Ligand code: GLU
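In this note's numbering, the protein residues as written are 1 to 487.
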């Protein structure tokens, strides 16, 4: 049987790192086995589902390179199938109408609480007589549909990650609601609920392996009962570990960044994030190799190497992986990625030529951890004016600094465009003619060109400033400062 897996997000929020990681595992599994990866949008929660979240989930998956083979399928477009299944359950006696009012259920729960018991439905309407049903209906009550759960039943499955999992029917909270009350008296029942819809879909879509977060384990026990009642084969299950924050608690909104969009905005590359997510719970066979594409990971992926223990989210590791990917980019690619950040910072991208941008990208590339660092790392190279920091001012007050700047400005008057060799030659020459140490020439130039003594390679920076014709205004600005300091 060929493998068919799915990712089934609920569009009640933006694509979350947990869902994306589950999508990665499903994608890898599908690709490993030459199977199909299906996208299903579980939008039956009408109050919380939003089209913009559906959009965000799809663009997020695409951005990560998690292309799907079938779908998206929408649960709201499949209500007829769920209704049919519910009717079948009713017809065969595995489901029934429960007329309990919310108040009655509240009272039951309160009583159980007072007696120190776990809240559960007491199955009180499981065996109503036709007369009792008629009486409730005459009162104007509308039923929910409940699926019978045998308290005595032991439910077991071989989980591909967790091994043998066992549940006792009595721990599932009593007969479970599979359809809400209908909105109008004419309809036999209302909105179908999550567990029912998932099972009907997984059956119809021929899902062979359900790979999802371990927070769904209790649902799996209920769903196995539904597969049986609907006379269907049961897929294999693999429950993946949760993603934990550095304190070892489940990663949640409170931890700040959790949506894929936010990771993108922070300057992570999709390939790096996908690579990192692969390692969140999976150990590659050769665990020394940690940088790989999704396609490469797919060649080795197996559920047997997915860990049971929660996976701690490690920002340092993600940063490290991202920096590795940034270093592997061609200057042109890096430039394309940095342009929006430079524009966002208000830098004069339109005032320079494309090759200038590529040289800048190459210059700052090795010092980037995230794309956003491209702003700060290149800050000193944008525009004719600069801010002089204390280190620059101290240098410009030194003997010889003014002479260096004057000599360089004189030389640049000729308007010749600067070359690497020309710049190096000039520095050596000035060391001799001005009778100062080479360090004085270099530091004074750096202070005069960048406004600080720190920063990227001096010669490369100077070449860039020169091409943009920003070096002379800066050197003049510095010379004026230097003159003031020496007064
Ligand atoms: N819609 C569920 C969720 O977003 C997933 C259901 C499933 O994978 O079975 O958590």
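By construction, the Cβ of each residue, glycine as well, lies at the ideal position given by its N, Cα and C atoms. Computed from a predicted model, the values in this text were never measured in an experiment.
Whole-angstrom distance between residue j and residue i, CA atom to CA atom
i, j, result
"residue 58", "residue 132", "49 Å"
"residue 216", "residue 203", "18 Å"
"residue 150", "residue 218", "15 Å"
"residue 88", "residue 96", "11 Å"
"residue 254", "residue 308", "24 Å"
"residue 483", "residue 402", "7 Å"
"residue 136", "residue 99", "7 Å"
"residue 395", "residue 354", "34 Å"
"residue 65", "residue 17", "14 Å"
"residue 11", "residue 51", "7 Å"
"residue 319", "residue 238", "29 Å"
"residue 94", "residue 146", "9 Å"
"residue 180", "residue 91", "18 Å"
"residue 123", "residue 177", "11 Å"
"residue 415", "residue 459", "18 Å"
"residue 429", "residue 440", "13 Å"
"residue 448", "residue 480", "10 Å"
"residue 162", "residue 454", "53 Å"
"residue 462", "residue 341", "22 Å"
"residue 105", "residue 121", "8 Å"
"residue 242", "residue 172", "22 Å"
"residue 433", "residue 346", "41 Å"
"residue 80", "residue 200", "11 Å"
"residue 500", "residue 205", "Here the chain covers residues 1 to 487 and nothing more, so residue 500 does not appear."
"residue 175", "residue 148", "5 Å"
"residue 53", "residue 220", "26 Å"
"residue 152", "residue 111", "23 Å"
Of the residues the options, the one placed nearest residue i, counting alpha carbons only
i, options, result
"residue 83", "6, 192, 65", "192"
"residue 362", "396, 384, 99, 326", "326"
"residue 117", "109, 123, 224", "109"
"residue 27", "353, 172, 20, 37", "37"
"residue 195", "12, 86, 189", "86"
"residue 452", "243, 164, 3, 377", "377"
"residue 474", "460, 382, 454", "382"
"residue 306", "282, 323, 317, 130", "282"
"residue 267", "321, 241, 20", "321"
"residue 261", "232, 234, 56", "56"
"residue 182", "152, 143, 341", "143"
"residue 485", "398, 335, 156, 230", "398"
"residue 101", "442, 358, 201, 139", "139"
"residue 531", "225, 337, 334, 343", "Here the chain comprises residues numbered 1 to 487, so residue 531 is not present and cannot be evaluated."
"residue 450", "379, 105, 228", "379"
"residue 331", "359, 344, 339, 324", "359"
"residue 269", "388, 336, 129", "336"
"residue 234", "400, 222, 245", "222"
"residue 506", "338, 170, 425", "One cannot answer for residue 506 here, as it falls past the ends of the chain, which runs 1 to 487."
"residue 400", "343, 435, 352, 390", "435"
"residue 294", "15, 46, 275", "275"
"residue 15", "25, 126, 258", "258"
Element boundaries [alpha helix (DSSP H), containing residue i]
i, result
"residue 397", "Residue 397 -> no alpha helix (DSSP H), and no H or E assigned at all."
"residue 299", "294-300"
"residue 341", "331-344"
"residue 475", "471-486"
"residue 73", "Taken as a continuous stretch (DSSP letters only), residue 73 belongs to no alpha helix (DSSP H), being part of the beta strand (DSSP E) at 70-74."
"residue 181", "Neither: residue 181 is in no alpha helix (DSSP H) and is coded neither H nor E."
"residue 23", "17-32"
"residue 320", "315-327"
"residue 304", "Here residue 304 belongs to no alpha helix (DSSP H), and DSSP marks it neither H nor E."
"residue 166", "It is not in any alpha helix (DSSP H) - residue 166 instead sits in the beta strand (DSSP E) that spans 163-168."
"residue 427", "420-433"
"residue 5", "First-last for residue 5: 4-7, but that is the beta strand (DSSP E), not the alpha helix (DSSP H)."
"residue 132", "130-138"
"residue 436", "Taken as a continuous stretch (DSSP letters only), residue 436 belongs to no alpha helix (DSSP H), as it is neither H nor E."
N- and C-terminal bounds of the beta strand (DSSP E) containing residue i
i, result
"residue 39", "36-41"
"residue 144", "144-147"
"residue 157", "154-159"
"residue 236", "236-240"
"residue 279", "Element bounds for residue 279: not the beta strand (DSSP E) but the alpha helix (DSSP H), 270-279."
"residue 213", "209-213"
"residue 96", "95-98"
Just checking, does the region 405-417 make contact with the region 364-380 on the three C-beta pairs under 8 Å criterion? no
May I ask you to verify whether the region 298-305 touches the region 23-38, counting CB pairs closer than 8 Å and requiring at least 3? yes
Quick check: the region 468-479 against the region 420-427, are at least 3 beta-carbon pairs closer than 8 Å? When C-beta atoms of the region 420-427 are compared with those of the region 468-479, fewer than three pairs fall below 8 Å, so the two segments do not count as touching.
Taking 8 Å as the cut-off, does the region 239-251 touch the region 4-13 (at least 3 CB pairs, one atom from each stretch)? no
Meets three-Cβ-pair contact criterion under 8 Å: the region 41-50 and the region 73-82: yes
Kindly confirm or deny that the region 176-193 and the region 205-213 touch, where touching means at least three C-beta pairs closer than 8 Å. no
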